[in-house]
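Trainee:
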Amino acid sequence: MVRLTCECLNVNIHSKTPNLVTADVANLGLNETLQKEIKYSELAEVQLDLEGISQEHPCLLKKKTVGHWTTYECVNCGLLTHAVNTASRSNRILVNKKLLRDATAIESLMQSPDYSPLYNIVLKGVNDNQHRFTPFGLQSSKYESLQETLTAVQQRLNQYLIQEEAAMEERIRKYQEEQRTQYAKLQSKARRDKNTLISSLLASEAKDLTESLTEAMVDDSSPENSVEASSLTESSSLEQDTRNQNKVSPVQQQDKKSQSNYQSHQLLQRTTSAPVRLQSNRSLDEVFELEGLDDDEDLPAFDESDDDTDNSMNEDQSDSSDRDSGIYSRSIPISVPMAFRTGKFSEREEEDVYKTAPDPEHMAASIKALALSVHEDGTEMFGDLPRPRHNTWGDHHRPHRSFRH
Ligand SMILES: [Zn+2]
Numbered sequence: 001m002v003r004l005t006c007e008c009l010n011v012n013i014h015s016k017t018p019n020l021v022t023a024d025v026a027n028l029g030l031n032e033t034l035q036k037e038i039k040y041s042e043l044a045e046v047q048l049d050l051e052g053i054s055q056e057h058p059c060l061l062k063k064k065t066v067g068h069w070t071t072y073e074c075v076n077c078g079l080l081t082h083a084v085n086t087a088s089r090s091n092r093i094l095v096n097k098k099l100l101r102d103a104t105a106i107e108s109l110m111q112s113p114d115y116s117p118l119y120n121i122v123l124k125g126v127n128d129n130q131h132r133f134t135p136f137g138l139q140s141s142k143y144e145s146l147q148e149t150l151t152a153v154q155q156r157l158n159q160y161l162i163q164e165e166a167a168m169e170e171r172i173r174k175y176q177e178e179q180r181t182q183y184a185k186l187q188s189k190a191r192r193d194k195n196t197l198i199s200s201l202l203a204s205e206a207k208d209l210t211e212s213l214t215e216a217m218v219d220d221s222s223p224e225n226s227v228e229a230s231s232l233t234e235s236s237s238l239e240q241d242t243r244n245q246n247k248v249s250p251v252q253q254q255d256k257k258s259q260s261n262y263q264s265h266q267l268l269q270r271t272t273s274a275p276v277r278l279q280s281n282r283s284l285d286e287v288f289e290l291e292g293l294d295d296d297e298d299l300p301a302f303d304e305s306d307d308d309t310d311n312s313m314n315e316d317q318s319d320s321s322d323r324d325s326g327i328y329s330r331s332i333p334i335s336v337p338m339a340f341r342t343g344k345f346s347e348r349e350e351e352d353v354y355k356t357a358p359d360p361e362h363m364a365a366s367i368k369a370l371a372l373s374v375h376e377d378g379t380e381m382f383g384d385l386p387r388p389r390h391n392t393w394g395d396h397h398r399p400h401r402s403f404r405h
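Residue numbers (the UniProt record's numbering): 1 to 405.
#1: Whole angstroms are fine: how far does the CA of Ile367 sit from the CA of Gly292?
#2: Just how far apart, CA to CA, sit Glu239 and His362?
#3: DSSP three-state label for Gly378, please.
#4: From the DSSP output, which residues share a beta bridge with Ile13?
#5: List the residues that DSSP assigns as beta-bridge partners of Cys77.
#6: Can you grab the Cα-Cα spacing for the pair Gln163 / Glu56, in whole Å?
#7: Classify His68 as helix, strand or coil using the three-state DSSP reduction.
#8: For Val218, does the three-state DSSP call read helix, strand or coil?
#9: Give me the Cα-Cα distance between Glu169 and Ala44, rounded to the nearest whole angstrom.
#10: Consult DSSP for Ala83 and reduce its assignment to one of helix, strand or coil.
#11: From Asn225 to Lys185, what distance separates their C-alpha atoms?
#12: Exposed or buried, Ile13, counting other C-beta atoms within 10 Å across all chains shown (16 or more means buried)?
#13: Helix, strand or coil for Gln111? Go by DSSP, reduced to three states.
#14: In chain order, what residues of the same chain have a beta carbon less than 8 Å from the beta carbon of Asn246, not counting five sequence neighbours either side?
#15: Out of His82, Asp49, Ser188, which one is the CA nearest neighbour of Lys63?
#16: Less than 7 Å between C-beta atoms, sequence neighbours within five positions excluded: which residues of the same chain meet that for Asn91?
#17: Check whether the Cβ of Asn76 lies closer than 6 Å to any heavy atom of ligand 1, and answer yes or no.
#18: Report the option in Glu73, Asp114, Asp208, Leu150 whose CA atom is closest to the CA atom of Leu99.
#19: Where Thr271 and Ala369 are concerned, what is the direct C-alpha to C-alpha distance, given to the nearest angstrom?
#20: Under the three-state reduction of DSSP, which class applies to Lys63: helix, strand or coil?
#21: Sort Tyr183, Leu209, Lys207, Thr149 by Cα distance to Leu60 and report the nearest one.
#22: Less than 7 Å separating the beta-carbons of Arg112 and Leu123?
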């Protein structure tokens, strides 16, 4: 079967003959008038299939009968499509060889912009100017026929628009449903995301709170507090040292007036002078040894006696040629508080220095002096006069501390 169609797809002829063979018009009994009309066309004789001949719009098909032959022309595309012998009653007809039979070409026409889905034909070259019909007189019968045709065309348009509108509404409804479904999914996911985010935030906050509480509980018993406590004790000791320094400062100023030339040397020797001084006072050493380091009652008396001796000995030795002894007597009250004031040397270090003293007697004296310094003012303890023979020992051990001032 071959489908033959005019150029506007209005006339469709279904033929059993696959090939179009040019018919011998002269042998078909066509009269001359008809031959003249269709001489420009190459006609082929084909056998119609069961579907026969169909028209999308019969109103667009112009029929002309000459003798036993009736010719049909598509007024839309202006092509004489076929001719039928009314006398033979056979299914053999003449068709125009210009009819389209390529399925690809037909499909291409249906996809073209000129194709009308409403009327299922190609409305090529139609514009507003061509719609301006010049007034012409019509017979009453033709007018009615044309009017019916126009009405049918209008009705088809109306039906088409109604169908398309309904289809449009249906598409809109489906689209809305799809969009609402998508929005519902999006909304649900967005809320889940929000809850997830908030949960993460709250979990983080709860974790931080737990950690802070745990740290607080650990801090109560952690060694860091002990460190802080030790630092507090250090600071308190510093304060005490500062007080000691304040007490000594008048003495220091007096010393500077009298012995300014030997201050540096005094600083180097000040620590050694204390044990020397204690050793010199044998009666006090014996008291310390007998009563022990914990005895605090006799210490003030010892200091007072030392102060008295210090003053007398300082004057005596300053007048004499022995400058070293005079240096020690004045340097001692000054230097010891200064050493404590730096905060870098604890009492333990001072004690270590005394322990390293080569003379065991000096060690005992230094321990007693240390015990005294714990309970009494350090300036009083070191206010004694040293002996010259211990100078060299201090030179080796004290310089690195004296320069810190
Ligand atoms: Zn046509």
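We put the beta carbon where it would ideally sit given N, CA and C, even for glycine. No experiment lies behind these values; they were computed from the predicted model shown.
Mentor: Based on what the coordinates show:
#1: Only weak support exists for where Gly292 lies, its pLDDT of 45 falling under 50; the value from the coordinates is given anyway. Between the alpha carbons of Gly292 and Ile367 lies a gap of roughly 10 Å.
#2: Caution applies to Glu239, whose pLDDT of 49 falls short of 50 and renders its modelled position unreliable; the value that the coordinates give is listed next. Using only the alpha carbons, I get a separation of about 29 Å.
#3: Because the pLDDT of Gly378 is 47, which lies under 50, any placement of that residue in the model is unreliable, and the number read from its coordinates should be weighed accordingly. Three-state DSSP puts Gly378 in a helix.
#4: For Ile13, which the question treats as bridged, DSSP gives the partners Leu4, Ile53.
#5: Residue pairing by DSSP places Cys77 in no beta bridge whatsoever.
#6: Rounded to whole angstroms, Gln163 to Glu56 spans 19 Å at the Cα level.
#7: DSSP places His68 in coil when its eight states are reduced to three.
#8: Helix, per DSSP.
#9: Taking the Cα positions, Glu169 is about 49 Å away from Ala44.
#10: It is a strand residue.
#11: Its pLDDT being 49, under 50, Asn225 is placed unreliably in this model, and the value from its coordinates should be taken loosely. Each residue's Cα considered, the two are about 57 Å apart.
#12: By the 10 Å Cβ count, Ile13 comes out buried.
#13: In this structure, Gln111 counts as coil in the three-state DSSP scheme.
#14: In this prediction, Asn246 scores a pLDDT of 49, lower than 50, which makes its location untrustworthy; the coordinate-derived value is nonetheless stated afterwards. Once the five neighbours on either side are set aside, Asn246 has no close Cβ partner at all.
#15: For Lys63, the closest alpha carbon among the candidates His82, Asp49, Ser188 is that of His82.
#16: These residues qualify, in order along the chain: Gln47, Leu48.
#17: Closer than 6 Å to some heavy atom of ligand 1: that describes the Cβ of Asn76.
#18: Comparing alpha carbon positions, the residue from Glu73, Asp114, Asp208, Leu150 closest to Leu99 is Glu73.
#19: Residue placement at Thr271 is flagged as unreliable, the pLDDT there being 44, under the threshold of 50; a coordinate-derived value is accordingly withheld.
#20: Strand.
#21: Nearest option by C-alpha distance: Thr149.
#22: It should be noted that the sequence gives Ser, not Arg, for residue 112. Not in contact: Ser112 and Leu123 (Cβ atoms no closer than 7 Å).
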